[in-house]
Amino acid sequence: MMSTTTPPPPGQATQQSFFNSPATASSFSSTDEPTPFRDALEQLQAFPEIKDAAKLREEHHIGRALPLMQRAIEVLDTNMGKGTLLAEAARYQLALYHIEAGEFKQAHALLQALLEDVQPSKNAVHDIFTVHLLLAGSALLQDQLPSAGSAAEEALAFVERHAEAHTDLLSRAYGMAGVCDMYGGDWDDAYDRLQKSARMAGSAAWQCRSASVLGAFHLYTGQQGGPKEALAVWEETLTGLDRPKEGDEKEREAGLAEARLWLNMALVYLGDKGGEEGAKLKDLTKMDENASKALKLYEKYLSPSDPRMGQVLVAIGQHRHMIGQAVSAEGLFRSVIDLLSTPSGLASPQLRYSLYRAYYGYGNLLADWEGRERDAAHMREKASQVKVLRLNPYVPLSPMVFVEGQDPGEVDYF
Numbered sequence: 001m002m003s004t005t006t007p008p009p010p011g012q013a014t015q016q017s018f019f020n021s022p023a024t025a026s027s028f029s030s031t032d033e034p035t036p037f038r039d040a041l042e043q044l045q046a047f048p049e050i051k052d053a054a055k056l057r058e059e060h061h062i063g064r065a066l067p068l069m070q071r072a073i074e075v076l077d078t079n080m081g082k083g084t085l086l087a088e089a090a091r092y093q094l095a096l097y098h099i100e101a102g103e104f105k106q107a108h109a110l111l112q113a114l115l116e117d118v119q120p121s122k123n124a125v126h127d128i129f130t131v132h133l134l135l136a137g138s139a140l141l142q143d144q145l146p147s148a149g150s151a152a153e154e155a156l157a158f159v160e161r162h163a164e165a166h167t168d169l170l171s172r173a174y175g176m177a178g179v180c181d182m183y184g185g186d187w188d189d190a191y192d193r194l195q196k197s198a199r200m201a202g203s204a205a206w207q208c209r210s211a212s213v214l215g216a217f218h219l220y221t222g223q224q225g226g227p228k229e230a231l232a233v234w235e236e237t238l239t240g241l242d243r244p245k246e247g248d249e250k251e252r253e254a255g256l257a258e259a260r261l262w263l264n265m266a267l268v269y270l271g272d273k274g275g276e277e278g279a280k281l282k283d284l285t286k287m288d289e290n291a292s293k294a295l296k297l298y299e300k301y302l303s304p305s306d307p308r309m310g311q312v313l314v315a316i317g318q319h320r321h322m323i324g325q326a327v328s329a330e331g332l333f334r335s336v337i338d339l340l341s342t343p344s345g346l347a348s349p350q351l352r353y354s355l356y357r358a359y360y361g362y363g364n365l366l367a368d369w370e371g372r373e374r375d376a377a378h379m380r381e382k383a384s385q386v387k388v389l390r391l392n393p394y395v396p397l398s399p400m401v402f403v404e405g406q407d408p409g410e411v412d413y414f
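All letters in the sequence shown, in the order written, are residues 1 to 414 by full-length UniProt numbering.
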């Protein structure tokens, strides 16, 4: 239990609400500048329950972390008041944990409550914008497109009013709005907004993310030339990418975003994306080259037990099956199934699709072996039981993929 005598960290304004606190500046040149809310998120990590919850989350035990976060909020409400900065920051962190656990409805309710009585002119633009964007994402992950689209429009309008100079914020806002337009069938608006998102992206990580989504658009619409257009977008981005130097604080974030582009291209070269036109692009040599580059970056920045490893391993498993390395393919499929059959793996639509592909790919592999027909049918049945959302599964359109090593509330929307 959190000690009821634990005082707030030195200097914490316990009676000041996030949404009624003065902004640290009227406008920001960087989204990394400190704000009262970001300070509160950092200071929260000194509390025992919250520290323990964060450790459980890092170990991929998000279900066990949630009760600790809820208990921490109860103690904060009792000792410091429900509307204090620390209590609101704790609710925000709990919302992120609900998202990671796949409990999008609970997250949506917490985020909506945080936006009540907002006074934008008196608040940090980045923090309020992030809540708006998370609302859009949590609705999208519930397959509630009208609600997601409305929230995305509000996020875009908010950042256009209050953060005209923030290219990365505008890039993120146009990106989310474009994603919602795409799923809603408004392809002209989607393309325009996704192009703006790509043009406005400043950091290497956001250049990769915005390019990933723009390429996804070309695949998703099924228009002629789509697969080639997607490859061109990704190749151009990687060619011109200004990568952070070794040891730079942004190196890991940028490296993981870059890995996603290499993986995107590997998936296209498997030949099963983009219909008949995509099939003509099948090139297992290029697939192997791109998947190897993605794997190298994932291995550099992720632990072997991180569920995100499953995305590249399942693709390599498919490749091994295609080139006749059945034993290697079986080992990879089994590893991915073990890795993703967890709450953290099942929470993400993107990772859930990787689990589906692992079961189905393993079933196809077993079907090639004499006497394994029943096992093959069982694997395909397991694949059919994986609930795959309507979100585009090929590329990272899941708006709630966490980026480790950043501020507690910082997330990667694509």
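C-beta atoms are modelled at their ideal positions from N, C-alpha and C, and glycine is treated no differently.
Cβ neighbours of residue i in the same chain (closer than 8 Å, five flanking residues each side left out)
| i | result |
| --- | --- |
| K245 | E251 |
| G175 | R193, L194, S197, R209, S210, V213, Y413, F414 |
| L302 | L256, R308, M309 |
Helix, strand or coil at residue i according to DSSP, with G and I counted as helix
| i | result |
| --- | --- |
| residue 420 | With the chain represented from 1 up to 414, any question about residue 420 goes unanswered, as that position is not in the structure. |
| residue 416 | This structure gives no information on residue 416, because the portion of the chain shown stretches from 1 to 414. |
| Q106 | helix |
| E370 | coil |
| H126 | helix |
| H378 | helix |
| K387 | coil |
| S341 | coil |
| Q325 | coil |
| A46 | coil |
| R308 | coil |
| P67 | helix |
| W283 | Correcting the residue type first, residue 283 is Asp in the shown sequence and not Trp. DSSP places D283 in coil when its eight states are reduced to three. |
| D248 | coil |
| A216 | helix |
| L313 | helix |
| Q112 | helix |
| G255 | helix |
| K300 | helix |
Selection from the options that minimises the alpha carbon distance to residue i
| i | options | result |
| --- | --- | --- |
| V179 | L145, F37, A205 | L145 |
| P48 | S138, V75, F37 | V75 |
| L170 | S150, D188, S197 | S197 |
| Y360 | F129, V336, T84 | V336 |
| V268 | A254, S147, V233, T239 | V233 |
| I323 | T285, L295, S354 | T285 |
| A376 | E370, E229, S203, G363 | G363 |
| D39 | G222, A89, A230 | A89 |
| R243 | K282, A259, S341 | A259 |
| E381 | G371, L355, Q224, E370 | L355 |
| W187 | H162, Q223, G202 | Q223 |
| L261 | G215, G225, G275 | G215 |
| A204 | K282, E253, G81 | E253 |
| Y353 | A383, G331, E236 | A383 |
| E103 | L281, L141, E153 | L141 |
Neighbourhood of residue i by C-beta, 7 Å cutoff - its chain only, sequence neighbours within 5 removed
| i | result |
| --- | --- |
| A329 | G317, R320, H321, L365 |
| L135 | H108, L111, Q112, A151 |
| M287 | A266, Y269, L270, H319 |
| D189 | D181 |
| D248 | none |
| R372 | L366 |
6 Å CB neighbourhood of residue i in its chain, flanking five on each side removed
| i | result |
| --- | --- |
| H98 | Q106, A107 |
| G278 | P227 |
| residue 467 | Any property of residue 467 remains undetermined from this structure, which presents the chain solely from 1 to 414. |
| M200 | T167, L170, S171 |
| L56 | R64, A65 |
| A173 | A155, L156, V159 |
| L263 | A294, V312 |
| S121 | Confidence at S121 is low in this model, with a pLDDT of 41, below 50, so the placement of that residue should be treated as unreliable; the coordinate-derived value is given next. Cβ neighbours of S121 beyond the five flanking positions: none. |
Buried or exposed by the 16-neighbour rule on C-beta atoms within 10 Å, applied to residue i
| i | result |
| --- | --- |
| S305 | exposed |
| R334 | exposed |
| Q385 | exposed |
| A78 | Here the sequence assigns Thr to residue 78, which means Ala is not the residue at that position. Exposed. |
| K300 | exposed |
| Q207 | buried |
| T130 | buried |
| K273 | buried |
| A72 | buried |
| E59 | exposed |
| R374 | exposed |
| E116 | exposed |
| G149 | buried |
| R161 | exposed |
| M239 | At residue 239 the sequence reads Thr, which differs from the Met that was named. Result: exposed. |
| G275 | exposed |
| G185 | exposed |
| G137 | buried |
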